[in-house]
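See below for the structure under consideration.
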Amino acid sequence: MEVIIQPDAAAAAKMTARLIADAINAKPQFNLGLATGATMEPVYAELAAMNRRNEVDFSRVSTFNLDEYIGLPPEDKNSYRYYMNYHLFDKINIDKKNTNLPDGMAADEVAEGARYEAAMKKAGGIDLQLLGIGSDGHIGFNEPLSSFASRTRAKPLTPATYRQNSVYFDPPETMPMRAFTMGVGTILDAKRIVMLITGAKKAGIAAQAIEGPLTSMVTGSAIQLHPAVVVVLDEGAAAQLTMREYYDWVFAHEPKWKNYR
Ligand code: GLP
61 MEVIIQPDAA AAAKMTARLI ADAINAKPQF NLGLATGATM EPVYAELAAM NRRNEVDFSR
121 VSTFNLDEYI GLPPEDKNSY RYYMNYHLFD KINIDKKNTN LPDGMAADEV AEGARYEAAM
181 KKAGGIDLQL LGIGSDGHIG FNEPLSSFAS RTRAKPLTPA TYRQNSVYFD PPETMPMRAF
241 TMGVGTILDA KRIVMLITGA KKAGIAAQAI EGPLTSMVTG SAIQLHPAVV VVLDEGAAAQ
301 LTMREYYDWV FAHEPKWKNY R
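Numbered per my numbering, the sequence shown spans residues 61 to 321.
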């Protein structure tokens, strides 16, 4: 794992967008794993701006999102399909046919999980998975106690996640209590992982995921099992990391980071 700390959330988002764009430029036929949440909005704004400036081309990119609420149709403004269209897909030169999310309206939940897994496999697997982290440590919607071997499936959300995310719903009680999510095992199959964590409120959970013990109580800690992870944080989210000096040392001296400093 490599940990990169940027001065603020805007710089951390720009760095994340550059990592994604550079990976796509190195392999134009690219399978990109995507995440939602407020943290990702400036990343998508930057990728759209880079696309407008012809710095990255999405014409041969396929995307697979981590998760989707169960019971929300694509046109619902709280669905993750709507979020992705609004923040990214409508603003870049991607073919919408190549954008994938679990179908929140699928009648057969088990079949939908299997369909999504098969679609990723058929595409050749995820080249880079973008991840955020929930306040309870979840990646995707893998709530505490999700198995590190889990695959795409329906997952009940915790009351804490419900309280946190229902602020976007009007009225809040219309938020679904369950979601489809890639499993932890699905996420770990990606060839590379880039996790973005910003904001002082996430400092505690960031330290647990990055430096804490491996535990399904914090599914974000599973990234420690993956051989190619970069975590990008702002100063606020990095505040409780104990190995800070080492992370900055690596970023300042390793040749691979020369063009990002
Ligand atoms: C949701 C998503 C996660 C995301 C999390 C954090 O729960 N399922 O993938 O990481 O929100 O969101 P935010 O960036 O708004 O803190």
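The beta carbon of each residue, even a glycine, is placed where N, CA and C say it ideally should be. No experiment lies behind these values; they were computed from the predicted model shown.
Residue i Cβ short of 7 Å to ligand 1 heavy atom set
{"i": "THR99", "result": "yes"}
{"i": "LEU126", "result": "yes"}
{"i": "ILE283", "result": "no"}
{"i": "ASN138", "result": "no"}
{"i": "ASN160", "result": "no"}
{"i": "GLY192", "result": "yes"}
{"i": "GLY200", "result": "yes"}
{"i": "ALA95", "result": "yes"}
{"i": "ASN225", "result": "yes"}
{"i": "THR218", "result": "no"}
{"i": "THR76", "result": "no"}
{"i": "THR221", "result": "yes"}
Status (buried if at least 16 other CB within 10 Å, exposed otherwise) for residue i
{"i": "GLN66", "result": "buried"}
{"i": "PRO231", "result": "exposed"}
{"i": "HIS198", "result": "buried"}
{"i": "PRO287", "result": "exposed"}
{"i": "PRO219", "result": "exposed"}
{"i": "TYR143", "result": "buried"}
{"i": "LYS318", "result": "exposed"}
{"i": "ASP187", "result": "buried"}
{"i": "ARG141", "result": "buried"}
{"i": "ASP127", "result": "buried"}
{"i": "THR234", "result": "exposed"}
{"i": "ALA266", "result": "buried"}
{"i": "ASP150", "result": "exposed"}
{"i": "ASN225", "result": "buried"}
{"i": "HIS147", "result": "buried"}
{"i": "VAL227", "result": "exposed"}
{"i": "PRO102", "result": "buried"}
{"i": "TYR307", "result": "buried"}
The alpha helix (DSSP H) enclosing residue i, as first and last residue numbers
{"i": "MET144", "result": "140 to 147"}
{"i": "ARG223", "result": "219 to 225"}
{"i": "ALA214", "result": "Counting along the chain, ALA214 falls outside any alpha helix (DSSP H), though it belongs to the beta strand (DSSP E) covering 213 to 216."}
{"i": "ILE247", "result": "244 to 248"}
{"i": "ILE283", "result": "Here ILE283 belongs to no alpha helix (DSSP H), and DSSP marks it neither H nor E."}
{"i": "ILE270", "result": "263 to 271"}
{"i": "GLU233", "result": "GLU233 -> no alpha helix (DSSP H), and no H or E assigned at all."}
Three-way DSSP call (helix, strand, coil) for residue i in this model
{"i": "ASN91", "result": "strand"}
{"i": "PHE311", "result": "helix"}
{"i": "ILE193", "result": "coil"}
{"i": "THR76", "result": "helix"}
{"i": "ASP68", "result": "coil"}
{"i": "ASP82", "result": "helix"}
{"i": "MET110", "result": "helix"}
{"i": "GLU62", "result": "strand"}
{"i": "MET255", "result": "strand"}
{"i": "THR302", "result": "coil"}
{"i": "THR275", "result": "strand"}
Range of the contiguous beta strand (DSSP E) that encloses residue i
{"i": "THR241", "result": "238 to 241"}
{"i": "GLU115", "result": "From DSSP, GLU115 is part of no beta strand (DSSP E); its letter is neither H nor E."}
{"i": "LEU293", "result": "289 to 294"}
8 Å Cβ cutoff, residue i in contact with chain B
{"i": "HIS313", "result": "You won't find chain B in this structure, because it holds only one protein chain."}
Check your understanding: Can you list the alpha helix (DSSP H) stretches of 4 or more residues lying completely in the stretch 123 to 190, in chain order?
Key -> 140 to 147, 169 to 183
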